Amino acid sequence: MANSQAIQTTDNSYKDYWFWQRDSSPDLIARYPNLDLKGKDVLDIGCGIGGRTCYLGGQGARHVVGCDINSREIETTENLKRELAPELKDKVVFSCNQTEQIGLGKIKFDLVLIIDAMEYIKEPSLMPEQAYRLLKPGGKLNFGAVGWGHWHATHMLRIFPVSFMRLFFSDKTILNTARRMMKQEFYKSRTWDSNPPCLR
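Residue numbers for the sequence shown follow the UniProt record's numbering, beginning at 1 and rising by one.
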């Protein structure tokens with residue numbers, strides 16, 4: 001996945017980040033072997049700004065629900081969907097869940113995805129079980145994460161936009177420097193950068 005592109009394109013606006021999510025999705029989704037979206041009801045947990053969710057909706061899924069705990073992002077996501085993907089208005093919907101208990105009632109899905117979100121969840125060990133409850137019989141759960149402190153996480157690449165720095169510095173040095181930088185006045189967190197999971 002071209003995470004370095006996120007550095008160049010997402011500093012300007014939510015719209016830029018939406019496009020990055022959508023445009024980086026083909027490479028990311030290709031990492032999940034035999035992922036079949038055609039005619040499926042799909043749940044995208046931790047959808048953020050919704051670009052990836054809209055990508056899924058355009059790939060033959062019957063219905064896609066994106067959920068996130070950030071109500072401001074969900075509101076922005078709905079506006080971006082109307083502007084950038086109006087053809088998906090009936091196929092893709094977004095839901096805000098203020099707690100990490102997924103509250104979608106009796107709705108069940110053929111496929112639940114948790115992509116680039118586990119590292120932002122306070123209690124990630126609980127999420128697969130919660131997601132599993134939302135699957136139809138025979139449904140599939142797919143998730144992947146690089147980890148909050150991993151140097152290749154999108155928010156870390158925004159701080160250190162040099163992918164080869166691990167050749168020169170240890171992971172510990174990179175993470176300690178990132179922590180120091182995030183505490184400085186000049187560092188401005190963007191909504192999609194999130195905060196450490198305990199603060200989100």
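Note that beta-carbon positions come from the ideal geometry of N, C-alpha and C, so glycine has one too. Predicted, not measured: the structure shown is a model, and the values here were computed from it.
Taking a contact to mean a Cβ-Cβ separation below 7 Å, would you say Cys-47 touches Asp-68 in this structure? Position 47 of the sequence shown, counting from 1, holds the residue named residue 47. Position 68 of the sequence shown, counting from 1, holds the residue named residue 68. Cβ atoms of Cys-47 and Asp-68: closer than 7 Å.
In the DSSP assignment, what residue or residues form a beta bridge with Ile-121? Indexing the sequence shown from 1 puts residue 121 at position 121. Paired residues: none, contrary to the question.
Let me know the secondary structure DSSP gives Leu-175 once reduced to three states. Here residue 175 refers to the residue found at position 175 when the sequence shown is read from its first residue. If DSSP states are grouped into helix, strand and coil, Leu-175 belongs with the helices.
If you follow the beta strand (DSSP E) that Ser-95 is in, where does it begin and where does it stop? Locating residue 95 in the sequence shown gives position 95, counting from the first residue. Its beta strand (DSSP E) spans residues 92 to 96.
What is the C-beta distance between Arg-52 and Ser-25, in whole angstroms, given that I count them as a contact (C-beta under 8 Å)? Within the sequence shown, residue 52 is the residue found at index 52, counting from 1. Within the sequence shown, residue 25 is the residue found at index 25, counting from 1. Indeed they touch by this definition, with Cβ atoms about 5 Å apart.
In the DSSP output, what is Leu-43 paired with across the bridge? Sequence index remark: in the sequence shown, residue 43 carries index 43 (1-based). Leu-43 pairs with Val-65 and Val-112.
Assign Phe-19 to one of three DSSP states: helix, strand, or coil. On the sequence shown, position 19 is the one that residue 19 refers to. Note: Phe-19 maps to helix in three-state DSSP.
So what does DSSP say about Pro-33, is it helix, strand or coil? Within the sequence shown, numbered from 1, the residue matching residue 33 stands at position 33. Pro-33 falls in the coil class under three-state DSSP.
Residue burial classification, Ile-107 (beta-carbon count within 10 angstroms, cutoff 16): The residue you call residue 107 lines up with position 107 of the sequence shown. So Ile-107 ends up on the exposed side.
Identity of the residue in Ala-30, Leu-84, Thr-77 and Lys-91 nearest Gly-60 by Cα: Mapped onto the sequence shown, residue 60 falls at position 60. Considering only alpha carbons, the answer is Lys-91.
Lys-172: CB within 6 Å of a non-hydrogen atom of the ligand HEM: The ligand HEM is not among the ligands present in this structure, which contains no ligands whatsoever.
Indicate the three-state DSSP secondary structure (helix, strand or coil) for Thr-99 in the structure shown. Numbered from its first residue, the sequence shown carries residue 99 at position 99. Any reading at Thr-99 must be qualified, since the residue scores a pLDDT of 47, below 50, and its modelled position is unreliable; no value is offered.
For Met-181 and Ile-174, what's the separation of their Cα atoms in angstroms? For the purposes of this step, residue 181 is taken as the residue at position 181 of the sequence shown. For the purposes of this step, residue 174 is taken as the residue at position 174 of the sequence shown. Going by the C-alpha atoms only, they are around 10 Å apart.
Start and end residues, alpha helix (DSSP H) containing Asn-79: On the sequence shown, residue 79 is found 79 positions in, with the first residue counted as 1. 71 to 84 is the extent of the alpha helix (DSSP H) around Asn-79.
Coarse secondary structure for Leu-135, derived from DSSP in three states: By one-based count along the sequence shown, residue 135 stands at place 135. Of the three classes helix, strand and coil, the one that applies to Leu-135 here is strand, per DSSP.
In this structure, how does DSSP classify Gly-60 when only helix, strand and coil are distinguished? In the sequence shown, residue 60 corresponds to position 60, counting from 1. In this structure, Gly-60 counts as coil in the three-state DSSP scheme.
Between the alpha carbons of Phe-186 and Trp-20, how many angstroms are there, rounded? Walking along the sequence shown from the start, residue 186 turns up at place 186. Walking along the sequence shown from the start, residue 20 turns up at place 20. Whole-angstrom Cα-Cα distance: 25 Å.
Apply the 10 Å Cβ neighbour rule to Glu-75 and answer buried if 16 or more other Cβ atoms are within range, or exposed otherwise. Here residue 75 refers to the residue found at position 75 when the sequence shown is read from its first residue. Label assigned to Glu-75: exposed.
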